[in-house]
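Remarks on the structure that follows.
In mature numbering (1 follows the signal peptide of the UniProt record, and there is no 0), the protein residues as written are -28 to -1, 1 to 416.
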């Protein structure tokens, strides 16, 4: 019970296997490669043996291996050739989404000397995705007294590629009343707006059929199309109007499922059923619809799944209000997720020794381990410690690596077995900690 009250988590015994050595600080020696996405499994990435200053056969002889964490291993070593190769096909869009450049970082460990080498591989985009509309057909209702230059948002378009391979522009089929313009916002996909060029006449033409084409900048160019149906309404109708164009709210990540986050509201100056307004998410992204739900009648937005700051710290939702005649207004909802200290630090032992000679000099590396905490800010800031009564100390190494080293000469006659407890504690309130136990025998 006391351990639970302190919110500590004790891992099982860790047995370490490695030769003794000294750790080389490798910050200034990062090795970088660049490859296009979607290469076949086993494709050449770089001559890692040469870049490490080794012969190919030394990769196996010296215990060279990749150390990484989090996602499945994307790369592998080919000892006969001394090469770094792909472990499978790499989809840049799945790996990095819209982030550019797309970088994969990991470390290579030379086991016999405990040398760590940082590796960075850039995954270069190829034009393998076509621009796509969220809907293949959209109905737009416009009052016949709308003034020229009025703008009407259309459905958003997504292209999973980046740079010139991503969405670059739009074309509208030939017509006498409308043109298309592009609206772009920071960190948002481009989306088209229908621009009224000439006044409408409902009696002359009540429905307009248009085709909108989205094009990217790849070679060859890829494109997607959607049909636009413009319906001209009587001038006596009024469109709904949101009480504010942007709604903002911040909520903690431990909010219970079903908790209301906020409510949007739109009013309509019409009377009777024509003034009834319904609400919906404009963008039908699967992720948002799984996490938040919108009451179509009241405009209340609530959580429909557990929030996780580590998965996503911010959501931008587009909400649409529609009245009975079919006129619409749109608003944005910006939801910021606040981090809660809900992740215990993790200690991953990369290498170490289960036995050490009593003649081992001070400063000898006994173990190499890495510390993680999925939280952010102070909640994710971790410090490590061991008992000061032990003849060992911890030294900070590359990135979030630590090394356990001897700080004095060992004496087997006095102590032949050490139980070394490494405690990793974050800076959250309350702090969370984990303990990893290392058994070390002192040999004669």
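All C-beta atoms in this analysis are idealised placements derived from N, C-alpha and C, irrespective of residue type, glycine included.
- Collapsed DSSP secondary structure at residue 13 in the structure displayed: Coil, per DSSP.
- Message: Applying the 10 Å Cβ sphere with the 16-neighbour rule, what's the burial state of residue 153?
- Response: So residue 153 counts as exposed.
- Buried or exposed for residue 342, please, with buried defined as at least 16 other CB atoms from any protein chain shown within 10 angstroms of its CB. Buried.
- Query: Just curious, the alpha helix (DSSP H) that residue 21 is in, first and last residue?
  - Reply: According to the DSSP assignment, residue 21 belongs to the alpha helix (DSSP H) that extends over 20 to 23.
- Just mark residue 215 as buried or exposed, buried being the case when its beta carbon has 16 or more other beta carbons within 10 Å. Residue environment: residue 215 is assigned as exposed (fewer than 16 neighbouring CB atoms within 10 Å of its CB, all protein chains considered).
- Task: Locate the beta strand (DSSP E) running through residue 48, then write down its first and last residues.
- Result: It spans 47 to 50 - the beta strand (DSSP E) in which residue 48 sits, taken as one unbroken run.
- Item | residue 397 versus residue 312: straight-line alpha-carbon distance, rounded | Roughly 15 angstroms separates the two Cα atoms.
- Task: Take residue 196 as the anchor and find which of 144, 45, 71 has the nearest alpha-carbon.
- Result: Put simply, of 144, 45, 71 the residue whose alpha carbon is nearest the alpha carbon of residue 196 is 144.
- Query: Between the segment 131 to 149 and the segment 60 to 76, are three or more C-beta pairs nearer than 8 angstroms?
  - Reply: Contact between the segment 131 to 149 and the segment 60 to 76 is present, because at least three Cβ pairs lie under 8 angstroms.
- Message: Measuring only the C-alpha atoms, how far is residue 122 from residue 347?
- Response: Here the alpha carbons of residue 347 and residue 122 stand approximately 46 angstroms from one another.
- Do you know how far the Cα of residue 235 is from the Cα of residue 373? As the crow flies, the alpha-carbon of residue 373 is around 46 angstroms from that of residue 235.
- Query: Any contact of the segment 397 to 413 with the segment 351 to 370, i.e. 3+ C-beta pairs under 8 angstroms?
  - Reply: The segment 397 to 413 and the segment 351 to 370 touch, with no fewer than 3 CB-CB distances between them shorter than 8 angstroms.
- Could you work out which residue in 26, 229, 363 is closest to residue 412 when comparing CA atoms only? Residue 412 has its Cα closest to that of 363, out of 26, 229, 363.
- Query: Straight-line CA distance for residue 176 to residue 280?
  - Reply: Whole-angstrom Cα-Cα distance: 54 angstroms.
- Item | residue 64, enclosing beta strand (DSSP E) - first and last residue | First-last for residue 64: 64 to 68, but that is the alpha helix (DSSP H), not the beta strand (DSSP E).
- Taking 8 angstroms as the threshold, find out whether the segment 278 to 294 comes into contact with the segment 377 to 393 through three or more Cβ pairs. Between the segment 278 to 294 and the segment 377 to 393, the count of C-beta pairs closer than 8 angstroms stays below three; the two stretches do not touch.
- Query: So, using beta-carbon positions, are residue 57 and residue 114 closer together than 8 angstroms?
  - Reply: Not closer than 8 angstroms, so no.
- Message: Is it the case that the segment 187 to 195 contacts the segment 217 to 237, given that we only count it when at least three CB pairs across the two stretches are under 8 angstroms?
- Response: The segment 217 to 237, when compared against the segment 187 to 195, does not touch it at the 8 angstroms Cβ threshold.
- Query: So what does residue 176 bridge to, in DSSP terms?
  - Reply: When beta bridges are read from the DSSP output, residue 176 appears opposite no residue.
- Message: Which residue wins for smallest C-alpha separation from residue 282, given the options 369, 345, 243?
- Response: Cα-wise, what sits closest to residue 282 is 345.
- List the whole-angstrom C-beta distance separating residue 96 from residue 27, where the pair is believed to meet the contact cut-off of C-beta under 8 angstroms. About 30 angstroms separates the Cβ atoms of residue 96 and residue 27, ruling out a contact at the 8 angstroms cut-off.
- Tell me, please, which residues DSSP counts as bridged to residue 126. DSSP links residue 126 through a beta bridge to no other residue.
- Determine the closest residue to residue 12 out of 37, 47, 40, 21, with distance taken between C-alpha atoms. Of the candidates 37, 47, 40, 21, the one whose C-alpha sits nearest the C-alpha of residue 12 is 47.
- CB of residue 211 within 8 angstroms of CB of residue 301, strictly: Contact: yes.
- For the candidate residues 220, 377, 17, whose alpha-carbon lies nearest to that of residue 53? The shortest C-alpha separation from residue 53 is found at 17.
- Message: To the nearest angstrom, how far is the alpha carbon of residue 142 from that of residue 90?
- Response: If I take the Cα positions, the gap works out to 43 angstroms.
- Item | Under 8 angstroms between C-beta atoms of residue 231 and residue 274 | The answer is yes: Cβ separation under 8 angstroms.
- Hey, residue 109 and residue 198 are a contact pair by Cβ (cut 8 angstroms); roughly how many whole angstroms apart? Rounded, the Cβ-Cβ distance is 7 angstroms, consistent with contact.
- Message: So within the segment 292 to 372, which uninterrupted beta strand (DSSP E) runs reach at least 3 residues, ignoring any that extend past its ends?
- Response: Qualifying beta strand (DSSP E) stretches, in chain order: 300 to 310, 318 to 324, 327 to 329, 337 to 344, 354 to 357, 364 to 368.
- Message: According to DSSP, is residue 145 part of a helix, a strand, or is it coil?
- Response: Judged by DSSP in its simplified three-state form, residue 145 adopts coil rather than helix or strand.
- Query: From what residue to what residue does the alpha helix (DSSP H) around residue 86 run?
  - Reply: Per DSSP, residue 86 belongs to no alpha helix (DSSP H) and is neither H nor E.
- Query: What separation, rounded to the nearest whole angstrom, lies between the Cα atoms of residue 37 and residue 262?
  - Reply: Residue 37 and residue 262: Cα-Cα distance of roughly 40 angstroms.
- Message: Output needed for residue 185: all residues of its chain with C-beta closer than 7 angstroms, excluding positions within five of it in sequence on either side, in chain order.
- Response: Excluding sequence neighbours, residue 185 sits near 142, 143, 195, 197.
- Item | Beta-carbon contacts of residue 237 that lie in its chain and below 6 angstroms, excluding the five residues immediately before and after | Around residue 237, the same chain offers 215, 271 as residues with beta carbons nearer than 6 angstroms, after the five sequence neighbours per side are excluded.
- In the DSSP assignment, what residue or residues form a beta bridge with residue 151? Bridge partners of residue 151: 167.
- Using the DSSP secondary-structure output, state which residues sit across from residue 196 in a beta bridge. Residue pairing for residue 196: DSSP places it in a beta bridge opposite 186.
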